[in-house]
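Mapping of the sequence shown onto full-length UniProt numbering: position 209 corresponds to residue 209, and the numbering continues sequentially without gaps. All C-beta atoms in this analysis are idealised placements derived from N, C-alpha and C, irrespective of residue type, glycine included. As the structure is a prediction and not an experimental result, all values here were calculated from the model. Shown next, in structure tokens, is the structure this report addresses.
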Amino acid sequence: MADLSIGRKLVLAAGMRAKFVRDVSAEEYELYRRHSAIIRNFSKDHELLRLVVRAFEAFKKFMKDSVETIRSNAELNQEALVDYSFEPGALLLEYLNTTRIFVDHFRAKIIRVYGQESAEFSSYDDLLSSEFDEYFSYRFFYKLRNYTTHCGLPLLNFQLSRVPGEHASLIVTMKPKDLLASYDSWGAIVGKDLEFKKDDIYVWPLLNENVNSIYHVFHTLYGNLYRDEVLDSLDWMCAFLGSNSPEVGLAIAEGDLDYEGLPAILEFVVIREMRSLMETEREFLAHSEPS
């Protein structure tokens with residue numbers, strides 16, 4: 001329990017000064033602590049989605065930069081692509097690892113909060129099963145994560161097409177027969193997927209589809225488990241701060257000002273987390289609109 005006898009103020013900290021906004025009552029501060037904790041806890045979980053997206057964007061940037069290098073460098077040829085073999089494999093592994101952390105974290109959290117026999121856990125399990133059944137990319141990457149544990153980086157192949165100085169393309173693929181030959185635990189469904197594939201597996205389209213699956217999983221979790229509570233807290237915080245677009249630098253100040261005009265204690269308001277929540281809500285509404 002916070003010490004309710006301490007006087008607190010809402011201030012805007014700028015540089016080495018703090019501009020007074022208004023006094024904060026003890027009751028307001030208790031509510032502020034509760035609502036900011038709810039938003040902060042949501043933001044912590046949202047950061048796992050950001051990790052997945054960052055890994056996806058890193059692979060995308062590598063492909064874009066590589067194509068530009070190949071397009072502009074007349075000395076590069078097919079043989080030189082050997083130099084590119086490590087980086088995309090490492091980036092793909094990073095993506096696979098972040099998706100594993102994402103899926104496992106929410107599984108563990110739902111079990112911890114609601115229990116393994118709960119409707120919430122059953123819904124999450126059904127959600128993942130639906131993605132697994134509907135999308136080859138999801139079930140393939142699900143098994144590919146296990147593959148990397150036993151076999152290391154996936155066996156990648158490269159197809160280069162270019163007119164020096166004009167245009168170029170770099171395509172990263174995997175051969176189903178190589179994957180089947182190097183690993184025997186694909187499972188019945190993915191094993192058959194690979195056996196029936198006559199052509200190479202194109203990595204980029206699968207990544208693009210899979211990151212959309214992760215977005216879908218997160219937005220579904222947001223709607224089912226977080227939305228009502230976090231939006232209630234967001235509304236309270238905006239009313240408390242007097243703005244639906246609060247400024248960075250707002251803080252709760254405690255204690256007397258020091259010689260530079262700053263209070264002894266500054267507790268910065270969770271503005272970044274609030275903005276992240278606002279963006280998530282916009283994404284959720286767009287995601288929920290019928291196409």
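TODO: Could I get the ranges of all uninterrupted alpha helix (DSSP H) runs contained in the stretch 173 to 222, with 4 residues as the minimum, in chain order?
DONE: 176 to 182, 187 to 196 and 203 to 221
Open item on the list: Taking the straight line between their C-alpha atoms, what separation do you get for Phe284 and Tyr32?
Closed with: Working through the sequence shown from its first residue, we reach residue 284 at position 284. Working through the sequence shown from its first residue, we reach residue 32 at position 32. As the crow flies, the alpha-carbon of Phe284 is around 25 Å from that of Tyr32.
Open item on the list: Classify Pro205: buried if its beta carbon has 16 or more other beta carbons within 10 angstroms, exposed otherwise.
Closed with: Along the sequence shown, one-based indexing puts residue 205 at 205. It is exposed - the Cβ of Pro205 has fewer than 16 other Cβ atoms within 10 Å.
Task: Given 8 Å, three or more beta-carbon pairs between the stretch 142 to 152 and the stretch 224 to 234 - done: Short answer: they don't touch.
TODO: Taking only the alpha-carbon atoms, compute the straight-line gap between Met274 and Leu234 and give it to the nearest angstrom.
DONE: By one-based count along the sequence shown, residue 274 stands at place 274. By one-based count along the sequence shown, residue 234 stands at place 234. Taking the straight line from one Cα to the other gives about 7 Å.
Open item on the list: Could you give the first and the last residue of the continuous alpha helix (DSSP H) run that contains Val230?
Closed with: For the purposes of this step, residue 230 is taken as the residue at position 230 of the sequence shown. Per DSSP, Val230 belongs to the alpha helix (DSSP H) from Arg227 to Leu241.
TODO: Taking Phe132 and Asn210 to be in contact with their CB atoms under 8 Å, please state how far apart those CB atoms are, rounded to whole angstroms.
DONE: As a working note, residue 132 is residue 132 in the sequence shown. As a working note, residue 210 is residue 210 in the sequence shown. Going by Cβ atoms, the distance from Phe132 to Asn210 rounds to 11 Å, so no, they are not a contact pair.
Task: Where Ile265 falls, given that 16 or more other Cβ within 10 Å makes a residue buried - done: Against the sequence shown, residue 265 aligns to sequence position 265. Per the 10 Å Cβ criterion, exposed.
- [ ] Kindly identify the DSSP beta-bridge partner or partners of Asp23.
- [x] Translated into the one-based positions of the sequence shown, residue 23 becomes position 23. BP columns for Asp23 point to Lys9.
TODO: For Arg8, count neighbouring Cβ atoms within 10 angstroms of its own Cβ and tell me buried if that reaches 16, exposed if not.
DONE: Position 8 of the sequence shown holds residue 8. Arg8 comes out buried.
- [ ] For His219, count neighbouring C-beta atoms within 10 Å of its own C-beta (all shown protein chains included) and say buried if the count is 16 or more, exposed if not.
- [x] Position 219 of the sequence shown, counted from the first residue, corresponds to residue 219. Label assigned to His219: buried.
- [ ] Measure from the alpha carbon of Arg107 to the alpha carbon of each residue in Leu93, Met237 and Leu221, then state which is nearest.
- [x] Start at 1 with the first residue of the sequence shown, and residue 107 comes out as number 107. The residue with the shortest Cα to Cα distance from Arg107 is Leu221.
- [ ] Kindly indicate the opening and closing residues of the alpha helix (DSSP H) around Val103.
- [x] Mapped onto the sequence shown, residue 103 falls at position 103. Counting along the chain, the alpha helix (DSSP H) containing Val103 begins and ends at Phe86 to Tyr114.
Open item on the list: Between the alpha carbons of Phe121 and Ile111, how many angstroms are there, rounded?
Closed with: In the sequence shown, residue 121 corresponds to position 121, counting from 1. In the sequence shown, residue 111 corresponds to position 111, counting from 1. Going from the Cα of Phe121 to the Cα of Ile111 covers about 7 Å.
Task: Minimum length 4: unbroken alpha helix (DSSP H) runs contained in the stretch 123 to 175 - done: Listed in chain order, the complete alpha helix (DSSP H) runs (minimum 4 residues) inside the stretch 123 to 175 are 136 to 151.
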